[in-house]
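Notes follow the structure.
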Amino acid sequence: MFKSTVSFIEFLETRGELIRVKAPVSTRLEIAELTDRQCKLPGGGKALLFENCGSRFPVATNLMGSSRRMAMALGVERLDEITERIDNLFDRAMSPVATFYDKLSMLPLLGEMAHLMPKRVRGRGECQRAVYVGDDIDLSLLPVPLWAPYDGGPFITLPLVHTLDADTGAHNTGMYRMQIDSRNTAFMHWHIHKTGARHYEQYASRGELMPVTVTIGGDPACTYSATAPLPDGIDEYMLAGFIRKKPVTLVKSLTNDIWIPADSDFVIEGYVDPAEEKAVEGPFGDHTGFYSLEDRYPVFHVTCITHRSDAVYPATLVGVPPMEDRYIAEATERIFLSPIRHALQPEITDMYMPPEGVAHNIVLFDIADRYAGNAFKTACSMWGAGQMMFNKFMILTRGAKGSLHDPATIAPMLAGVDPECDLLVSRGPLDVLDHSSSRFGFGAKMAVDAAHAPRPDDREPFDIRPLDGMARIDDTLFREGWPAVTGRLSRDDDFRVVAERLAAATSWGGVRAVLLFDDNVPVNDRSLMLWIASADTDPDRDMIILGGVCFFDCRAKVGGINGFGRRWPNIVAMDDTTIEAIDRRWNELMPGEAFVESPSRRYRGMLLPFGAGSEVSEL
26 MFKSTVSFIE
36 FLETRGELIR
46 VKAPVSTRLE
56 IAELTDRQCK
66 LPGGGKALLF
76 ENCGSRFPVA
86 TNLMGSSRRM
96 AMALGVERLD
106 EITERIDNLF
116 DRAMSPVATF
126 YDKLSMLPLL
136 GEMAHLMPKR
146 VRGRGECQRA
156 VYVGDDIDLS
166 LLPVPLWAPY
176 DGGPFITLPL
186 VHTLDADTGA
196 HNTGMYRMQI
206 DSRNTAFMHW
216 HIHKTGARHY
226 EQYASRGELM
236 PVTVTIGGDP
246 ACTYSATAPL
256 PDGIDEYMLA
266 GFIRKKPVTL
276 VKSLTNDIWI
286 PADSDFVIEG
296 YVDPAEEKAV
306 EGPFGDHTGF
316 YSLEDRYPVF
326 HVTCITHRSD
336 AVYPATLVGV
346 PPMEDRYIAE
356 ATERIFLSPI
366 RHALQPEITD
376 MYMPPEGVAH
386 NIVLFDIADR
396 YAGNAFKTAC
406 SMWGAGQMMF
416 NKFMILTRGA
426 KGSLHDPATI
436 APMLAGVDPE
446 CDLLVSRGPL
456 DVLDHSSSRF
466 GFGAKMAVDA
476 AHAPRPDDRE
486 PFDIRPLDGM
496 ARIDDTLFRE
506 GWPAVTGRLS
516 RDDDFRVVAE
526 RLAAATSWGG
536 VRAVLLFDDN
546 VPVNDRSLML
556 WIASADTDPD
566 RDMIILGGVC
576 FFDCRAKVGG
586 INGFGRRWPN
596 IVAMDDTTIE
606 AIDRRWNELM
616 PGEAFVESPS
626 RRYRGMLLPF
636 GAGSEVSEL
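In this note's numbering, the protein residues as written are 26 to 644.
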């Protein structure tokens, strides 16, 4: 178990996984730009420790930003080790118990699990070595970065937010970004679907102040557990204890009755008053790769700040994928595959959430297909399971001959899909950050049944020539083995009219999907296209099936395209001034490291001509 962020950093450094940045760096955008350049390197680059950022506390980023570092953070060589442990636990717990002696044999299992429960201790923890109360409270003590040019302010991005159920006293730890407002206030960004928001409503109904304690840093297993999609009532620190094979030690907050990990780097205690008017929070360059726009959220009032004597401020950068959260999602895939198989859907044999889907937009499941409709039954079941309810595009395969991570595995399966009968479009809850849905937090979902589709040895031919430049069709994807082509639409084009003309213009052969983008999207960049296509489309409003081909309108829906009537967010990209400053100082900031071009230069051409977000009337 890592006792602090410092101990994890030292571990990474001994294994060549850390770069110390000793030259002065501003928390205003520069830390973000340097971190982004590492995150986008193959395999996730390295962790960064900024030792000179205008604070007595260093800032650490990208600590879990690779498969290797994510495994290190959880104390394993490979993440599948945890999957195997959970599989074994389920096998033992669910094995038939026929006799009294069989029941006795289960006692060691019960004892093992009881041993992993969080352990409360008296006195202060390492996280409470320095204490600030009253007039000494000042959130500027923490070196909280400004991450994106149009952010509403500095944001804490790895907070472990501890709340209590007002009725039962049950503890919950969630991760909700926090915008710094003043020396003693911040905004609490818990979405309506989250447990923190439910607790808030409980206190509101009682007319009581809501105690909240926020911790930052400490054992990375605790940080990961706060992100995990656990059911209500299951303590996140029990999961951390299971991962570590050792219980998490907790101490009581100094100004409320919430218990927290004793080894945290920073602790921010306080309360939320449900009777107080909510404040405007945001915008924020979010993990979707787009800005989440201003909205009203509760105000968090700080009553106490404490920290370790050797505290380091850990933070994560989010934005256009891939980022550090890609590898956190990868851990979730492996850890929760076993509970999904044993408790929800025994048909599921594997799962994959591509980074371009930013966790909720795209998921792939490989299943043991047993009967007609099995894939759609599985899709409907998973859409009703916890945070999987936010999924928008689900692809189900059968007996994949290779890794779901490998495009060579998936492309042939998609080639056999018949859009007329192998697609299911439904409606339900979506992540509130989904900007393409016509209604806030609600929209269409699509399941693709590739589980029983034939797998043709030779794809039917497709001739691009009869299209005569219509929608400027590009067949690069098709030539790479995908059953899809791309094209471009102007903002004045009527999507359905163009789709009907395209459908009638040629025989589409082995093409199953036509993806139509704005002119500024590089159609030769497969990763960017997949990200834009999944983020900017509603499967009901923006998709039409004609002649056995799916046509998708992947344009930004600014200005009421396809009847869209909500605000539209811009892409998160760094400003030219910051990019140029980092370019000039590269050798000073990163001595001995090969120059890395700013990732923002890839997609700055995709920016729309407004700030964080637009009104319908723009463009």
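Where a beta carbon is used, it is the ideal one built from N, C-alpha and C, also for glycine.
Cβ contact annotation for residue 356 (same chain, cutoff 7 Å, sequence separation greater than five): 95, 99, 104 and 249, in chain order. A distance below 8 Å between beta-carbons, with the five flanking residues on each side excluded, links residue 255 to the following residues of its chain, in chain order: 261 and 264. The Cβ atoms of residue 541 and residue 514 sit closer than 8 Å to each other.
Straight across, the Cα-Cα distance linking residue 489 with residue 506 is about 16 Å. As DSSP reads the structure, residue 240 sits in a beta bridge with 185 and 292. With respect to the 8 Å criterion, residue 614 and residue 59 are classified as neighbours on the basis of their beta carbons.
Of all alpha-carbon atoms in 282, 292 and 253, the one lying nearest the alpha-carbon of residue 331 is that of 292.
Within the same chain, Cβ atoms closer than 8 Å to the Cβ of residue 206 are found at 178, 212, 304 and 324, the five residues on either side in sequence being excluded. In this structure, residue 574 and residue 499 do not form a Cβ contact; the two beta carbons are roughly 16 Å apart against a cut-off of 8 Å. Straight through space, the alpha carbons of residue 379 and residue 294 are spaced by roughly 36 Å. Looking at the DSSP output, residue 533 sits in no beta bridge, so it has no partner there. Between the stretch 589-596 and the stretch 549-556 there are fewer than three C-beta pairs closer than 8 Å, too few to call the two in contact. In this structure the stretch 453-473 lies against the stretch 405-425, because at least three pairs of beta carbons, one per stretch, are closer than 8 Å. Where residue 557 is concerned, the enclosing alpha helix (DSSP H) starts and stops at 551-560. Fewer than three beta-carbon pairs drawn from the stretch 154-166 and the stretch 343-352 are found closer than 8 Å, and the two stretches are therefore not classed as touching. Residue nearest to residue 287 within the set 399, 215, 147 and 237 is 147 (criterion: CA-CA distance). Counting C-beta pairs with one atom in each stretch, the stretch 629-637 and the stretch 64-73 have fewer than three that are closer than 8 Å, which means they do not touch.
In this structure, residue 597 sits away from residue 221, with a CB-CB distance that is not shorter than 8 Å. Sequence-distant Cβ neighbours of residue 145 in its own chain, meaning closer than 7 Å and more than five residues away, are 275 and 284.
Judged by pairs of C-beta atoms under 8 Å, the stretch 313-328 does not touch the stretch 65-80, as fewer than three such pairs exist.
Per DSSP, residue 353 is one residue of the alpha helix (DSSP H) stretching across 350-364. Taking 8 Å as the cut-off, the Cβ atoms of residue 40 and residue 76 do not count as close. For residue 168, same chain residues with a beta-carbon under 6 Å away, outside a window of 5 residues either side, are 52, 78, 80, 82, 84 and 338 in chain order.
The stretch 470-523 is shown to contain whole beta strand (DSSP E) runs of 3 or more residues at 509-513, in chain order. Buried is the label assigned to residue 566, since at least 16 other Cβ atoms lie within 10 Å of its Cβ.
Residue 639 counts as buried, since no fewer than 16 other beta carbons sit within 10 angstroms of its beta carbon. Per DSSP, residue 154 lies in no alpha helix (DSSP H) and is assigned neither H nor E. Each of 546, 585, 526 and 469 was checked against the Cα of residue 517, and the nearest Cα belongs to 585. Annotation for residue 445: 570 and 573 place their beta carbon closer than 8 Å to its own, counting only its chain and skipping 5 residues before and after. Excluding the 5 residues flanking it on each side, residue 387 has same chain C-beta neighbours closer than 6 Å at 379, 418 and 559, in chain order.
Here DSSP, grouped into helix, strand and coil, assigns residue 224 to helix.
Going by beta carbons, residue 217 and residue 534 fall outside the 8 Å limit. Residue 312 and residue 172 have their C-alpha atoms roughly 12 Å apart. In summary, residue 301 is exposed, with fewer than 16 beta-carbon neighbours lying within 10 Å of its beta-carbon over all protein chains present.
Check the Cα spacing between residue 477 and each of 546, 394, 101 and 196: the tightest is with 394. Sorting 600, 373, 186 and 617 by C-alpha distance to the C-alpha of residue 624 places 600 at the top.
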